[in-house]
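Have a look at the structure below, then the notes.
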Amino acid sequence: MEPSRQTPPVSKEYWNEHARTFPRFEEGEDNYEAGVMREIRAHGVDFRGATVLDVGCGSGMYTIRIAREARRVTALDVSDVMLDILRADAEALKLDNIDYVRSEWMDFERDETFDIVFCSMTPAIQSEASRRKLLRHAHGKTVFMGFAGRMRSNVMAGLYAHHGVTPRVFANGTDMCDWLDEQGIPYEAHPVEGTWVVSNPLEKLADSCATFLSQYGVTAERRHLLSYLAAFEEEPGRFVERTDYKIDLLIWDKPSA
1 MEPSRQTPPV
11 SKEYWNEHAR
21 TFPRFEEGED
31 NYEAGVMREI
41 RAHGVDFRGA
51 TVLDVGCGSG
61 MYTIRIAREA
71 RRVTALDVSD
81 VMLDILRADA
91 EALKLDNIDY
101 VRSEWMDFER
111 DETFDIVFCS
121 MTPAIQSEAS
131 RRKLLRHAHG
141 KTVFMGFAGR
151 MRSNVMAGLY
161 AHHGVTPRVF
171 ANGTDMCDWL
181 DEQGIPYEAH
191 PVEGTWVVSN
201 PLEKLADSCA
211 TFLSQYGVTA
221 ERRHLLSYLA
231 AFEEEPGRFV
241 ERTDYKIDLL
251 IWDKPSA
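For the sequence shown, UniProt numbering begins at 1 and goes up steadily by one.
Following this line, the structure appears as structure tokens:
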């Protein structure tokens with residue numbers, strides 16, 4: 001089954017549903033997000049005292065880390081449920097320097113520019129217009145993370161095969177590299193690859209799988225889904241999904257006029 005290269009889902013309804021099982025901010029310096037932030041800082045991005053626009057912020061896994069250093073963060077997402085999760089976590093941590101904006105990216109109408117524009121795995125940046133809009137809002141650095149053609153889940157592989165689904169290839173990182181090259185915009189590219197290992201209770205993993213399948217028009221049969229997922233139990237009550245990924249971490253400065 002050859003994967004197809006398609007645009008990932010961007011609708012408010014999809015992401016509101018996905019928010020129920022989406023990862024959220026996790027404390028600590030030994031997790032994936034902490035490692036990515038160290039990588040970004042190592043390549044010259046300094047969030048301290050900066051104004052930051054986080055495009056497609058989701059549940060705020062990076063937003064909260066950025067807000068702990070930045071002067072002000074504008075957190076934009078299409079999903080009000082994702083923003084509610086972010087707001088709850090930020091308020092619990094007594095962070096009051098985040099502005100929450102529920103909007104499609106192309107409907108974001110503010111004229112302001114930001115010291116840093118940050119985009120992590122967002123499907124909102126796909127078109128020519130959406131990329132040019134990104135440039136307009138940055139007067140300093142832009143940090144863009146996107147998939148480089150590899151995101152393979154051991155759990156989803158069997159479900160795709162069972163339902164006759166051809167999985168999408170997410171290559172928005174590669175596509176952004178190509179676009180920057182076409183525009184003559186210099187950038188740094190740093191590959192990030194590995195395996196995400198996520199342990200969840202059975203019901204949460206089942207909900208996540210059902211949501212992923214729904215974007216292909218598939219309604220998972222609950223009995224089959226729970227039976228299939230039983231094979232992924234690695235300790236009592238904990239079901240583990242492993243996802244191999246490759247990501248492009250791209251950093252560039254505002255192009256000269």
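Note that beta-carbon positions come from the ideal geometry of N, C-alpha and C, so glycine has one too.
Note that this is a predicted model, so its numbers are computed, not measured.
*Out of A231, L249, L250, state which residue places its alpha-carbon closest to the alpha-carbon of E241.*
A231
*Given a cut-off of 8 angstroms, decide if F170 and F147 are closer than it, judged by their beta-carbon atoms.*
yes
*Are Y245 and W179 closer than 8 angstroms when you measure CB to CB?*
no
*Mind checking S227: buried by the 16 CB within 10 Å criterion, or exposed?*
exposed
*Are the CB atoms of S130 and M106 nearer to each other than 8 angstroms?*
yes
_Extent of the continuous alpha helix (DSSP H) to which F212 belongs_ = 202 to 214
*Determine the closest residue to T63 out of R222, I251, I185, A34, with distance taken between C-alpha atoms.*
A34
*Just to confirm, are R68 and T51 a CB contact at a threshold of 8 angstroms?*
no
*Taking only the alpha-carbon atoms, compute the straight-line gap between T166 and E221 and give it to the nearest angstrom.*
18 angstroms
*Following the continuous alpha helix (DSSP H) through L83, name the residue where it begins and the one where it ends.*
80 to 92
*Could you name the residues of the same chain whose beta carbon sits closer than 7 angstroms to that of I185, not counting the 5 residues immediately before and after it, in chain order?*
W252, P255
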